[in-house]
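The block underneath contains the structure these notes are about, expressed in structure tokens.
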């Protein structure tokens with residue numbers, strides 16, 4: 052189950068009724084249930100339970116900092132009084148969710164965005180069939196929270212007035228977004244009424260934004276004279292190449308990087324990782340720095356590094372390690388040796404330009420945001436630093452104008468530090484695609500027959516917590532209630548199963564968690580097999596991206612449940628669609644199961660272009676079954692326009708069927724009793 056972002060989770064109950072309500076939830080979520088001694092006799096051994104002996108007010112501080120989410124089954128006022136002394140900041144407070152003892156309401160109380168309380172509230176509401184209470188304005192507007200916008204892509208939050216910018220979005224005021232780097236997937240899945248203006252205005256436009264969002268690798272110091280609230284997101288697109296003498300300290304390398312970034316007005320949050328030569332893979336200072344900063348360390352052999360054209364090669368370095376460049380060459384290779392950025396082939400809302408032009412308002416072109424001014428005249432990025440953020444220079448950064456084809460932002464700098472031995476050589480390169488720092492996941496989800504109550508809690512959780520949801524439009528529409536603001540939702544036509552699989556794999560390789568939905572069970576005529584086939588064709592290592600399969604109630608199970616117990620004995624399912632399977636093979640299988648007296652579920656019996664397959668199938672069955680053999684015809688099972696008909700094999704072709712229909716053909720012992728279809732298992736034949 053995809054609930055790791057909430058772990059560890061704790062639930063708190065103070066009454067036997069609350070314990071009864073929370074126990075199955077704790078088992079589903081893997082949460083620990085805390086209860087007082089008075090409730091000890093009401094617990095289930097299957098639930099992880101802890102007893103607190105002091106008052107809850109005194110006990111709560113002990114678990115507050117050690118858990119990412121806390122679920123209370125308690126009065127809201129009591130919870131407010133309990134947590135108020137513990138609240139510090141929404142960036143570090145755990146998600147706090149409150150539910151009533153009747154299980155009718157679930158309230159997102161604290162840390163709705165960054166802590167994930169809003170998402171957890173939706174999840175719990177689905178599990179309980181309760182009403183979620185989420186009061187955040189961005190949730191109501193179906194917009195991603197400004198403070199969690201870049202989280203799926205591994206972006207780092209920079210400086211800025213986050214509360215004021217979030218407030219402008221909540222009020223529906225125009226918010227300018229200047230995105231120089233990083234994935235633009237989020238832009239293409241906004242509601243039509245979004246308040247964002249992307250990029251810079253046309254020369255004939257006057258737009259007055261109430262806030263601004265910068266998405267770039269540069270470190271900006273916002274002008275104190277400006278009353279326009281601004282925030283910064285930093286996609287991790289900068290690779291730092293490091294060459295160093297043996298034994299240099301972590302402090303020397305870290306200080307060097309900080310000074311190089313400050314001098315060039317680069318954001319430390321935009322660092323994707325460190326790159327060097329392979330003989331430095333065990334360099335203690337480098338390894339310690341990467342561990343401390345949670346950065347990947349990528350190493351390359353001298354033979355590869357020596358093939359890279361660099362601006363400042365060194366014969367001395369070539370003699371020492373076999374390549375004329377370490378820092379510059381390693382930075383460049385790391386920047387280009389990266390997964391391709393996901394594209395947007397299925398976005399139907401227009402181009403990025405269309406989004407920009409959707410806001411026909413006036414804007415003040417005299418921007419005041421500047422880079423740090425202290426070293427503006429000494430930086431290699433001087434032209435970018437001293438600009439007043441005009442369209443030409445901003446676009447040049449994102450389109451490669453400053454870095455050209457060589458993607459090297461900062462040439463090698465030799466750095467020494469007083470009191471520390473040795474030296475380090477540093478260079479910085481810009482990647483086309485951000486490093487997300489996340490392991491992508493493919494969640495292959497069976498949504499069941501069509502109603503959410505027939506969908507497993509695990510499958511509901513997978514959809515609700517995914518970054519991306521991909522599927523046939525009809526199936527996604529049926530689970531609309533599970534979707535959250537900010538999720539990337541891509542709907543594809545029913546004939547584009549292969550494209551769905553390829554798209555899902557592409558996004559998962561990028562580092563996103565992708566839910567691929569199929570109706571019924573995803574492993575029965577669903578997307579699970581196709582996705583795994585595609586992974587196999589791409590020589591998947593079985594680990595990255597991770598794969599998890601969430602089964603669902605299959606169509607033939609759902610259809611059977613509506614007519615009785617027709618599948619009580621041996622049965623099989625056969626699809627009459629010959630788009631992927633030759634008809635000769637299908638015909639052979641039909642003959643075999645008809646002869647063997649299996650109960651048979653027929654999928655895809657008829658379409659606009661396929662009309663003869665069902666006729667042939669009935670003819671085959673009539674050769675081996677009695678004409679009065681019971682048949683159930685179930686269309687759109689468990690959906691609003693559900694249709695159910697019981698008939699016989701000889702009258703089957705008189706009934707209208709389509710691709711949404713499942714046909715159940717009984718065996719020789721199947722019968723109809725009081726409008727219920729029953730296939731005896733044989734129990735009554737035993738004494």
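Numbering (the numbering used here), first residue to last: 52 to 738. Glycine included, each C-beta is placed from N, C-alpha and C at the ideal position. From a predicted model like this one, the values you see are computed outputs, not experimental measurements.
Residue i - partner residues in DSSP beta bridges
i           : result
residue 492 : 564 and 597
residue 83  : 61
residue 249 : 228
residue 506 : Paired residues: none, contrary to the question.
residue 351 : 328
residue 712 : 686
residue 282 : 211 and 264
Reduced DSSP category for residue i - H, G, I as helix; E, B as strand; rest coil
i           : result
residue 556 : helix
residue 306 : helix
residue 626 : strand
residue 575 : coil
residue 10  : For the chain, the structure presents residues 52 to 738; residue 10 sits outside this window and is missing.
residue 183 : strand
residue 516 : helix
residue 671 : helix
residue 550 : helix
residue 397 : In this prediction, residue 397 has a pLDDT of 40, which is less than 50 and means its spatial position is unreliable; what the coordinates show is noted afterwards. It is coil, neither helix nor strand.
residue 201 : coil
residue 146 : strand
residue 137 : coil
residue 35  : Residue 35 falls outside the range modelled here, since the chain spans only 52 to 738, and no answer is possible.
residue 481 : strand
residue 234 : coil
residue 646 : helix
residue 160 : strand
Pairwise C-alpha distance: residue j and residue i
i           : j           : result
residue 507 : residue 240 : 27 Å
residue 78  : residue 72  : 11 Å
residue 440 : residue 495 : Unreliable placement is indicated for residue 440, whose pLDDT of 34 sits below 50; no coordinate value is reported for it.
residue 200 : residue 383 : 28 Å
residue 685 : residue 528 : 21 Å
residue 733 : residue 569 : 35 Å
residue 167 : residue 203 : 13 Å
residue 543 : residue 550 : 8 Å
residue 132 : residue 95  : 29 Å
residue 488 : residue 140 : 25 Å
residue 321 : residue 592 : 29 Å
residue 692 : residue 265 : 48 Å
residue 659 : residue 707 : 12 Å
residue 351 : residue 541 : 37 Å
residue 109 : residue 150 : 21 Å
residue 599 : residue 510 : 10 Å
residue 233 : residue 280 : 22 Å
residue 32  : residue 223 : Outside the shown range of the chain (52 to 738) lies residue 32, about which nothing can therefore be said.
residue 193 : residue 180 : 21 Å
residue 642 : residue 666 : 14 Å
residue 258 : residue 219 : 15 Å
residue 53  : residue 276 : Low per-residue confidence applies at residue 53: pLDDT is 45, beneath 50, and the placement is therefore not dependable, though the value from the model is reported in the following sentence. Spanning the two alpha carbons is a distance of roughly 45 Å.
Cβ neighbour criterion (16 or more within 10 Å) applied to residue i
i           : result
residue 572 : buried
residue 655 : buried
residue 370 : exposed
residue 284 : buried
residue 300 : buried
residue 523 : buried
residue 92  : exposed
residue 493 : buried
residue 198 : buried
residue 245 : buried
residue 485 : buried
residue 191 : exposed
residue 298 : exposed
residue 161 : buried
Inter-residue CB distance, residue i and residue j (contact presumed, cutoff 8 Å)
i           : j           : result
residue 177 : residue 515 : 7 Å
residue 60  : residue 120 : 5 Å
residue 558 : residue 519 : 5 Å
residue 715 : residue 682 : 7 Å
residue 479 : residue 291 : 6 Å
residue 311 : residue 464 : 5 Å
residue 303 : residue 473 : 7 Å
residue 596 : residue 499 : About 25 Å separates the two Cβ atoms, so there is no contact after all.
is_contact[residue i, chain C] using C-beta, thresh 7 Å
i           : result
residue 270 : The structure shown has no chain C; it contains just one protein chain.
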